[in-house]
Structures are given as C-alpha cells and as structure tokens.
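Chemist: Count along the sequence shown starting at 1, add 1, and that's the number in the working numbering. First, the structure itself, so that you have it in front of you.
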Amino acid sequence: MSIQENIARVREQIAAAAKEVGRDPAEITLVGASKMNDAAACREAIAAGIDALGENRVQEMLGKLDEHAYDGAPLHFIGHLQRNKVRQVVGTVALIQSVGSEELLAEIEKQAAKLEMIQDILLEVNIGEEAAKSGFSPDEVFAAAERASGCPHIRVRGLMTIPPVETENGQNFSNFEKVCCLYVDINQKMYDNKLDILSMGMSGDFADAVRAGATMVRVGSAIFGARAYPAANETGRLEA
Ligand SMILES: *Cc1c(COP(=O)(O)O)cnc(C)c1O
2 MSIQENIARV REQIAAAAKE VGRDPAEITL VGASKMNDAA ACREAIAAGI
52 DALGENRVQE MLGKLDEHAY DGAPLHFIGH LQRNKVRQVV GTVALIQSVG
102 SEELLAEIEK QAAKLEMIQD ILLEVNIGEE AAKSGFSPDE VFAAAERASG
152 CPHIRVRGLM TIPPVETENG QNFSNFEKVC CLYVDINQKM YDNKLDILSM
202 GMSGDFADAV RAGATMVRVG SAIFGARAYP AANETGRLEA
C-alpha cells in the first residue's frame, strides 16, 4: 500500500467513526507522525493531502527541515521536549503539542518573547498518570492552563494526550473520554470555548479517539508503515 492509499484509508476510518457519533469528519485534522521516515515520505504525504506533519525528535526535524521535507504543510512538534532544545523549536513549528510541565511553559514563553511572537501550544495530559510519561496529571492541568493563560507569548489551543499502551482494543476509550471532559471543562471555564484542538489517537486507536471527541489524530505507522526500532521506543519518547 502506498502512503497515498494509506492516508485515504485512514481518512475513511476517521469519517466512519465520526459519523457513528454524529460528528462532521471535516472537523478532524489528520497529522502524520513522520518520525523515522525520510523527507521523500513526508513529501509524499503532503502531496496526498495530509493536514500536518508531526515530529518528535528535534535533531531529526531540523535535518528534514534542511531538506524541505515539510514544504506545503504545517509542522508540529509532538515529542518529549527538553528545555535546552526549546530554542530550536519555538517559531520553527506551528504547534508544540507536547507541553507537559510548567518549566517548559516558562522556557517557551521566554523564547517566544525573544522572537516577539506568539507560540501555539497544547497542554499534554498524562491521563494514565504513568511515572515514565511526561504531561500534567488530570489534577494539575487546570493550574497549568491558568499559568499558560498568563503567558503573553503563548496561546493554548487545547489538550493532547498519549494514553497507556492498550493490551486490548478499546481499552483507552474511557481515557479518551476523560481527557475530552477535561478539555470541555477547561474550555468553558477558562477559555470562553475558544480552544479548538483535542489531539488524541494514534494508529491503533484513532477511531476510538474520534468517537470520544478528538479533533486531531496523530497517525504514524498506519500511514508510513512500521518503524524499524525496538518496541520499548515505540513512541520515541525515551530518546527525543
Ligand atoms: C509516533 C507517535 C504517534 C504515532 O504513532 P503510531 O502508533 O505509529 O500511529 C503519535 N503521537 C506521538 C506523540 C508519537 O510519538
């Protein structure tokens, strides 16, 4: 299957899941998670109409930027971001999806202020409260949203989550619902319903995420094929 055919199939599956719950498929953004795939693969996805591409390693992203891999589509950063790499990401990407600590918020604010720009971000929720994962716990995310709203060079667009790895299909549906509830609540109480992005769902579970309210899904292997690295690093978060 080509990247183009894969994207068409994923779009059909998104549309089917959206219709099941009475949603308009057009309100769901498809982000291609292009880590470990080369510039040619990125270009192929863009030619096939992917809405955005997401990278999770700064070095790899900068290399592919040099090759003009992302020309024609918005670029998102979706991986674990170290503070000392914030400078290379702020102003380079349209959206930083993975902001999971107050330290990171502060560093992004500082760098965006230097560039005199406003950086769009998502707050990452660690819905499984897993020790090895970054992100705000559900209890912390309100305070984080409040802190972010006081940063003049940051614009919060919504929430993002990476739930625990499923051992059975459908297991994460309730986690997706929980993050959706947080999103709706924060949106109503703090943002006048102006937030517009709820990023959740990957190759194995994007249909469930759409049924639970995702407005953005991040799909890698179902578009680009299996990645060739050990399972422990499946999301690449350990070595970003
Ligand atoms: C790799 C990755 C994805 C996509 O994972 P697949 O299972 O290949 O679809 C989504 N989100 C993040 C943050 C990732 O690192």
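The C-beta atom is built at its ideal place from N, Cα and C for all residues, glycine as well.
Which residues mark the beginning and the end of the alpha helix (DSSP H) in which D209 is found?
Modeler: Its alpha helix (DSSP H) spans residues 207-212.
Chemist: Assuming the contact rule is C-beta atoms closer than 8 angstroms, E1 and L82 should be a hit. Round their C-beta distance to whole Å, please.
Modeler: Coverage of the chain is limited to positions 2 through 241, which leaves residue 1 absent and any answer about it impossible.
Chemist: With 16 as the cutoff for other CB atoms within 10 Å, does A149 come out buried or exposed?
Modeler: By the 10 Å Cβ count, A149 comes out buried.
Chemist: Looking at C-alpha atoms only, which residue of A34, G64, S204 is the closest neighbour of G80?
Modeler: Out of A34, G64, S204, A34 has the C-alpha closest to the C-alpha of G80.
Chemist: Short of 7 angstroms in beta carbon distance, which residues of its chain neighbour E167, apart from the five on each side in sequence? Order them along the chain.
Modeler: Only N173, G205, D206 meet the Cβ criterion.
Chemist: Give a yes or no on contact between the segment 18-28 and the segment 41-50, applying the rule of three or more CB pairs nearer than 8 angstroms.
Modeler: Result no; under three Cβ-Cβ pairs closer than 8 angstroms.
Chemist: Within 6 angstroms: the Cβ of R10 and any heavy atom of ligand 1?
Modeler: Checking every heavy atom of ligand 1 against the Cβ of R10, none is found closer than 6 angstroms.
Chemist: Hey, out of Q14, Q98, V87, whose CA is closest to D209's CA?
Modeler: The shortest Cα separation from D209 among Q14, Q98, V87 belongs to Q14.
Chemist: Residue range of the beta strand (DSSP E) that L160 falls in?
Modeler: That run of the beta strand (DSSP E) goes 155-162.
Chemist: Tell me which residue opens and which closes the alpha helix (DSSP H) that E68 is part of.
Modeler: Per DSSP, E68 belongs to no alpha helix (DSSP H) and is neither H nor E.
Chemist: Between which two residues does the beta strand (DSSP E) carrying M217 extend?
Modeler: Counting along the chain, the beta strand (DSSP E) containing M217 begins and ends at 217-220.
Chemist: Which of the three DSSP states, helix, strand or coil, is assigned to E130?
Modeler: In the structure shown, E130 sits in coil (DSSP, three-state: anything other than H, G, I, E or B).
Chemist: Just list the alpha helix (DSSP H) runs in the segment 68-123, keeping only unbroken ones of 4 residues or longer that don't cross its boundaries, in chain order.
Modeler: Complete alpha helix (DSSP H) runs here, min 4: 87-90, 103-115.
Chemist: Under the assumption that E147 contacts F137 (Cβ atoms under 8 angstroms), give the Cβ distance between them as a whole number of angstroms.
Modeler: Rounded, the Cβ-Cβ distance is 12 angstroms, inconsistent with contact.
Chemist: Which partner residues does A34 have in the DSSP bridge list?
Modeler: Answer by DSSP bridge pairing, in chain order: G55.
Chemist: Below 8 angstroms on the Cβ atoms is my contact criterion, and I expect G221 with M201 to pass it. Report the Cβ-Cβ distance as a whole number of Å.
Modeler: About 14 angstroms separates the two Cβ atoms, so there is no contact after all.
Chemist: Closest to A132 by CA distance: which of C152, P165, A74, E117 is it?
Modeler: For A132, the nearest C-alpha among the options comes from P165.
Chemist: Compare the C-alpha of E178 against each of R212, A229, D193 and name the closest.
Modeler: With distances taken between Cα atoms, E178 lies closest to R212.
Chemist: State buried or exposed for M2, treating a residue as buried only when at least 16 other CB atoms are found within 10 Å of its CB.
Modeler: Exposed, because fewer than 16 other Cβ atoms sit within 10 Å of the Cβ of M2.
Chemist: Excluding the 5 residues flanking K1 on each side, which residues of the same chain have their C-beta closer than 6 angstroms to its C-beta?
Modeler: One cannot answer for residue 1 here, as it falls past the ends of the chain, which runs 2 to 241.
Chemist: Is A1 near ligand 1, in the sense that its beta carbon is under 6 angstroms from a heavy atom of that ligand?
Modeler: Because the chain in this structure spans residues 2 to 241, residue 1 falls outside the shown range and cannot be described.
Chemist: Would you grab the beta carbon distance between I155 and Q120 for me? Rounded to a whole angstrom, and I think it's under 8 angstroms.
Modeler: Yes, I155 and Q120 are in contact; Cβ-Cβ is about 6 angstroms, under 8 angstroms.
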